[in-house]
Amino acid sequence: YLSRIPCGSRIAIEACGFDAWLCDRIESYGHEVHLAHPLKTRAIAEAKIKTDVLDARTLAKLLHGDLLAESYYAPAALREKRYLLRYRQCLVVYRTGIKNRIHSMLHRQGILSPGISDLFGVQGLDWLQHLTMPPIYSQALNGYLSLLQSLKKQLNECEKEIRKILKDDPQSKLIQTIPGIGKISAFLLLAEIGPLDRFRSAEKLCSYAGIVPSYHQSGQVEYRGSITKQGNKFIRWILVEAAHIAIRKDPALKEFYQRIRYKKGTHKATVAVARKLLTYVFYILKRQEPYCYQPRYTKKPVLTFVSKKTLT
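Numbering (the numbering used here), first residue to last: 707 to 1018.
Here it is in C-alpha cells:
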C-alpha cells in the first residue's frame, strides 16, 4: 500500500503501541510522517461517531490545515536507549518484588534475622541459604534466591552497557553535578528528554514530565489543582527519587523543601523539589555549565554556576 502512495507524501498516524515501527516503515518509503497526539486531537477523542474512516479523514484535514497536534517521534538510536533503561527498571521491579516476598515468608514463619543490617548482602544471603524451614518454604526460598541471583547478573550486564554508552558523554557529566542525580538517572533523563531544543523553556519541559499543577479557569474563577501527571512518567519517577537524595545533600534545596512541607505537606514538597531539579537540568544543558551548590535558599531562586575551568 505504501509503495502506491506518491513519494514524499505527508502521512498522519495516531500514536499507538506500535507507532515507532509504523513510522519507520512509512519513512522507508520516502514519506513524511506526522504522529498525532491522541489527547490533544480533540476532534477525534470527543467525536460521537467513531470509525476508522472518519478518524483517518479528520487526521488528514487537520494535517492539511497545519492544525495537527503532534507527539515527538524519537529516532531509532534514542528509542534503543529508552528501551534499555526501561528494561533495567523492569528488572529492578522484579528484584524488589522477590525481596518483599522473602521478607513476607520469614514474617509468616516468625523468623527474625539475627542483627543483619542487609538481608541480601553477603552475610544475609549466607544466613538465608542455611536457614532451616519446612520443606515447602525451603523450596520456595531457594527458588527466590536463585531468581535474585539471575536478576543480579542481568542487571550487571545492563548497567555495564549503560556505562559503556555514558563513558565519554559530556552532557551526562554535567547533569551529574546536580545533587541526587547519578549515572543511571542522568542517562535516563537524557534519553527521555531527547533534544533540548524541543522545549522553549523550563516550564515546557516540566509540563512534558507532568509535574506542573493542573489549571482550570472560567470567567473570574480560577482553580489550581494537583500535578497533571500527563507526560513522561519515567522522568517524573526518577526526579522524585532524586529529590529524596537532593534535600539531604543541598542546603538550599533542603530549606526549600522544609518551607513547602510546612505549608502543603511532604508529598507536595517532594514534587516541588523534583520540579526544581528538572528546571536545573534544563538550564545546565542549555548553558553547558555545571551546577553549583547554594549555601541557603533565597526568596528569589537563583541557579548559580561555576565555570568549567574551576573544575579542572
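All C-beta atoms in this analysis are idealised placements derived from N, C-alpha and C, irrespective of residue type, glycine included.
Proximity to residue i [Cα-Cα], best of the options
| i | options | result |
| --- | --- | --- |
| L895 | L774, V828, K939, M839 | K939 |
| L880 | A892, I842, L853, K870 | A892 |
| A775 | L812, K873, L741, D903 | L741 |
| G714 | E733, E720, W727 | E733 |
| A791 | K866, D725, A915, L902 | It should be noted that the sequence gives Leu, not Ala, for residue 791. Among K866, D725, A915, L902, the Cα nearest to that of L791 is on K866. |
| A726 | E786, R954, S878, R807 | E786 |
| G736 | L708, K746, V979 | L708 |
| I887 | L769, H950, L837 | H950 |
| P901 | P781, N806, G771, T757 | P781 |
| P840 | L831, G816, P919, E863 | G816 |
| K935 | K969, P919, R904 | P919 |
| T985 | L768, R954, G830, Y914 | Y914 |
| K955 | K970, C998, V798, M811 | C998 |
| A684 | L769, H770, L983 | Past the boundaries of the shown model lies residue 684; the chain is included only from 707 to 1018, so the question cannot be answered. |
| D772 | R904, T747, Q855 | T747 |
| K859 | R794, L959, S819, S878 | R794 |
| D758 | F724, E720, R788 | E720 |
| C864 | R906, Y789, K969, P712 | Y789 |
8 angstroms contact criterion, which residue i and residue j should meet: CB distance rounded
| i | j | result |
| --- | --- | --- |
| T883 | P957 | About 16 angstroms separates the two Cβ atoms, so there is no contact after all. |
| E738 | R716 | 5 angstroms |
| I941 | R981 | About 11 angstroms; that fails the 8 angstroms criterion. |
| I966 | A975 | 4 angstroms |
| L853 | I804 | 6 angstroms |
| L847 | L837 | 7 angstroms |
| W833 | I842 | Rounded, the Cβ-Cβ distance is 20 angstroms, inconsistent with contact. |
| Y778 | R904 | 6 angstroms |
| Y850 | R807 | 6 angstroms |
Exposure of residue i, with buried meaning 16 or more beta-carbon neighbours within 10 Å
| i | result |
| --- | --- |
| A718 | buried |
| C796 | exposed |
| F962 | buried |
| F988 | buried |
| I944 | buried |
| E898 | buried |
| P885 | buried |
| C729 | buried |
| C912 | buried |
| I990 | buried |
| L760 | exposed |
| T764 | buried |
| R993 | exposed |
| A783 | exposed |
| G723 | exposed |
| L745 | exposed |
DSSP beta-bridge partners of residue i
| i | result |
| --- | --- |
| I719 | L741 |
| E786 | E786 is not bridged to any residue. |
| E961 | Paired residue(s): none; E961 is not in a bridge. |
| E776 | A742 |
CB contact check: residue i to chain B, cutoff 8 angstroms
| i | result |
| --- | --- |
| Q829 | Given the protein chain composition of this structure (a single chain), no chain B is represented. |
Quiz prompt | Whole runs of the alpha helix (DSSP H) within the stretch 804-836, excluding any shorter than 4 residues | solution = 828-835
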